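In the numbering used here, the protein residues as written are 65 to 322.
Here a beta-carbon is modelled for each residue, glycine too, at the ideal position from N, C-alpha and C.
Remember, predicted model here, so these are calculated numbers, not experimental data.
This report refers to the structure that appears directly beneath it.
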């Protein structure tokens, strides 16, 4: 089966970090062909990611956001316009919201009540992961992904999946050294040049700054000269590159800021 794209959206940074760690454990326990692909702190970032990432998706979504932001019901409506088959699970501490959701007419794949017990939360995530996956997903082998072998030293090589690389930058403190940053926050520094890295990684990676390469598949927004990535990190974008980066990453979108 195709990879099940898992997305998570909550405007509370602490909750977002905690939930992402629990979801990673749940994915491992569920034995489904799923991957946490986007951790968003705003509805706008979530919508931008989903609009450019086709394929089966399961979103765990907080219900209430701050003033001036779309609420959970409105977000589900927007998500359904992007992908009518998208599955959304509300994760909220407001158990009384269930009736509001039912009255709204939006389709929710499920509901999870926020709880302080991490084991309970992981169990809930596992349940919905298995429900969202196709029947044969637990036994299906992972789809092959392109990988990059990075030499770390004599007879020492680190292999990294290219889609997992969020961005690459030059290490200012060490000459002729660059650092690969992955979605999960890992970093691998190697002796190389940015030009060679761009050649190895291909057209999916854009030069947004003379010392930064960014994976266009992980870009969710560009604001005030900073590119926001799907894992919540931000990288600088040169003034001369902003218009081009915006055109490449968002030219096919028709999503307003919430």
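Next item on the list: Would you kindly work out how many angstroms separate the C-alpha atoms of residue 186 and residue 244, rounded to a whole number?
Entry: 30 Å
Checklist line | 7 Å Cβ shell around residue 77 - same chain, five flanking residues per side excluded | finding: 105
Check: Of the choices 107, 222, 221, 81, whose alpha-carbon is the least far from that of residue 285?
Finding: Selected option, being the one with the closest Cα: 107.
Margin query: Am I right that residue 230 and residue 293 are in contact with their C-beta atoms under 8 Å? What's the rounded C-beta distance?
Written below: Contact between residue 230 and residue 293 holds: CB atoms are separated by about 5 Å, below the 8 Å threshold.
Notebook entry, point to check: Mapping DSSP to helix, strand and coil, what is residue 197?
Noted result: Shown here, residue 197 sits in coil according to DSSP, grouped into three states, outside any helix or strand.
Item checked: Nearest-angstrom Cβ-Cβ length linking residue 94 and residue 194, presumed shorter than 8 Å -> About 5 Å separates the CB atoms of residue 94 and residue 194; that is less than 8 Å, so the two are in contact.
Note to self: I'd like the ranges of any alpha helix (DSSP H) spanning at least 4 consecutive residues and lying wholly in the stretch 104-182.
What the structure shows: 107-115, 136-146, 161-168
Next item on the list: Would you please state the rounded distance, in angstroms, between the beta carbons of residue 111 and residue 71? I believe it to be under 8 Å.
Entry: Wrong, their Cβ atoms sit about 10 Å apart, outside the cutoff.
Next item on the list: Run through the stretch 191-279 for me and flag every whole alpha helix (DSSP H) of 4 or more residues, listed as ranges in chain order.
Entry: 258-265
Notebook entry, point to check: In terms of DSSP beta bridges, what is residue 69 paired with?
Noted result: 99, 121
Next item on the list: Mind checking who residue 293 pairs with in its DSSP beta bridge?
Entry: Answer is 283, bridged to residue 293.
Note to self: Between which two residues does the alpha helix (DSSP H) holding residue 92 run?
What the structure shows: 77-94
Next item on the list: Report the option in 268, 136, 253, 137 whose CA atom is closest to the CA atom of residue 312.
Entry: 268
Margin query: In this structure, how does DSSP classify residue 311 when only helix, strand and coil are distinguished?
Written below: The three-state secondary structure of residue 311, taken from DSSP, is helix.
Next item on the list: Report, in whole angstroms, the separation of the C-beta atoms of residue 177 and residue 227, which I expect to be a contact under 8 Å.
Entry: Rounded, the Cβ-Cβ distance is 33 Å, inconsistent with contact.
Notebook entry, point to check: Quick one, are the C-beta atoms of residue 170 and residue 232 less than 9 Å apart?
Noted result: no
Check: If you compare alpha carbons, which of 301, 278, 279, 96 is closest to residue 288?
Finding: Closest in alpha carbon position to residue 288, among 301, 278, 279, 96, is 301.
Check: Considering only residues of the same chain and omitting the five flanking positions on each side of residue 172, which have a CB-CB separation below 8 Å?
Finding: 140, 152, 153, 154, 165
Notebook entry, point to check: Given residue 255, which residues of its chain have a CB within under 7 Å of its CB, disregarding the five upstream and five downstream residues?
Noted result: 240, 241
Notebook entry, point to check: Mind checking residue 136: buried by the 16 CB within 10 Å criterion, or exposed?
Noted result: buried
Item checked: Own chain residues within Cβ distance below 6 Å of residue 222, not counting five before or after -> Listed in chain order, the non-local C-beta contacts of residue 222 below 6 Å within the same chain comprise 214, 216, 252, local neighbours out to five positions each way being set aside.
Item checked: 8 Å Cβ shell around residue 307 - same chain, five flanking residues per side excluded -> none
Next item on the list: Give the straight-line distance between the Cα atoms of residue 188 and residue 79, rounded to the nearest whole angstrom.
Entry: 16 Å
Check: What residues in its chain sit with their C-beta under 6 Å from that of residue 113, if we drop five residues either side in the sequence?
Finding: 102, 284, 294
Notebook entry, point to check: Are the beta-carbon atoms of residue 180 and residue 86 separated by less than 9 Å?
Noted result: no
Next item on the list: In the DSSP assignment, find the beta strand (DSSP E) that holds residue 298 and state where it starts and stops.
Entry: 298-300
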